[in-house]
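When we follow the numbering used here, the leftmost residue of the sequence shown carries the number 1, and every step to the right adds one. Don't be surprised by glycine CBs; every beta carbon is placed ideally from N, CA and C. Predicted model only: the values in this text are computed from it and were never measured. Have a look at the structure below, then the notes.
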Amino acid sequence: RFYCLTFNLSVKIYRSIVKYIVIGLGNYGGKLAEELTVLGHEVIGVDVREHYVDHLKDKIATAFVLDATDEIALSVLPLKSVDVVIVAIGEDLGASVRVVSLLKKNKVKHIYARAIDDVHKTVLEAFSLDRILTPEKEAARMLVQLLELNASVEPFQIDEEHYIFKFNVPAKLAGYGINELQLEKEFDLKIISLIRGKKAQNCIGISILEREVANEFPEDYIIQPEDALVCYGLYANFMKFWKSIR
Numbered sequence: 001r002f003y004c005l006t007f008n009l010s011v012k013i014y015r016s017i018v019k020y021i022v023i024g025l026g027n028y029g030g031k032l033a034e035e036l037t038v039l040g041h042e043v044i045g046v047d048v049r050e051h052y053v054d055h056l057k058d059k060i061a062t063a064f065v066l067d068a069t070d071e072i073a074l075s076v077l078p079l080k081s082v083d084v085v086i087v088a089i090g091e092d093l094g095a096s097v098r099v100v101s102l103l104k105k106n107k108v109k110h111i112y113a114r115a116i117d118d119v120h121k122t123v124l125e126a127f128s129l130d131r132i133l134t135p136e137k138e139a140a141r142m143l144v145q146l147l148e149l150n151a152s153v154e155p156f157q158i159d160e161e162h163y164i165f166k167f168n169v170p171a172k173l174a175g176y177g178i179n180e181l182q183l184e185k186e187f188d189l190k191i192i193s194l195i196r197g198k199k200a201q202n203c204i205g206i207s208i209l210e211r212e213v214a215n216e217f218p219e220d221y222i223i224q225p226e227d228a229l230v231c232y233g234l235y236a237n238f239m240k241f242w243k244s245i246r
């Protein structure tokens, strides 16, 4: 059983519009569909639960009340004409896996799928998807970063475990040589760049901090209070390092 709810969605013509299907419109999938629409993309939402579809029917381009685990019902969707299909089903592992397998059977080119735990993620990895989403884990990590790293650290995620970190050098490390930090030896963190900071005055005499990136620098360079470092390595190793200098 299914039916379709549609309305005209105006988008700004200068945007590059991507067409998405989001299957599973709970807290995660619903917000995802809504945010993608706000960015100007065309989103088709799908859920077997009528009240979730009803909640989003005026916020996204098209909404289907449809059981995506049913192969015949799933065939109603324009699977071949969209850019990405996102399976946002989380709690029902069986439904998530069946929907992904049906999408692969229908040769959908780009599939993202949500995993709520490591078992779910391991099963989904067998399908060689474009990306496996782990929003719960990422949200927990973001909270830890907010609580522990504060504004002086900017993390950039490379994969699930590896990050690039840019961080302002804590005052207690000023005066030490970079080699004395022993980041690579003690924490297996590779320093990529040194960002030298120096105080200067702008054209109207206001004191400002100028930054200069140096990808090459002497190992015995003495760290200055205004400096920053960029390093690469495991997230867990950086957290150990950061804890050791706090």
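One thing to note: I17 has its Cβ no nearer than 7 Å to the Cβ of V43. Taking a C-beta distance under 7 Å as the contact criterion, K19 and V100 do not qualify as a contact pair.
Linking P78 to I223 through their CA atoms gives a straight-line distance of about 58 Å. Assignment of beta strand (DSSP E) within the region 71-125, counting only whole runs of 3 or more residues, yields 84-87 and 111-114 in chain order. Looking from the CA of V76, the closest CA among L229, G90 and G45 belongs to G45. When the beta-carbon positions are compared, Y163 and P155 come within less than 7 Å of each other.
Rounded to whole angstroms, the separation of the alpha carbons of R196 and V213 is 6 Å. Check the Cα spacing between S244 and each of L234, K190 and L181: the tightest is with L181.
Beta-bridge partners of S193 (DSSP): V230. Residue burial is scored here from C-beta neighbours: L143 has fewer than 16 other C-beta atoms within 10 angstroms and is therefore classed as exposed. The way I'd put it, the region 223-235 does touch the region 182-190; three or more beta-carbon pairs between them come closer than 8 Å. Under the Cβ criterion (8 Å, minimum of three pairs), the region 22-29 counts as touching the region 85-96.
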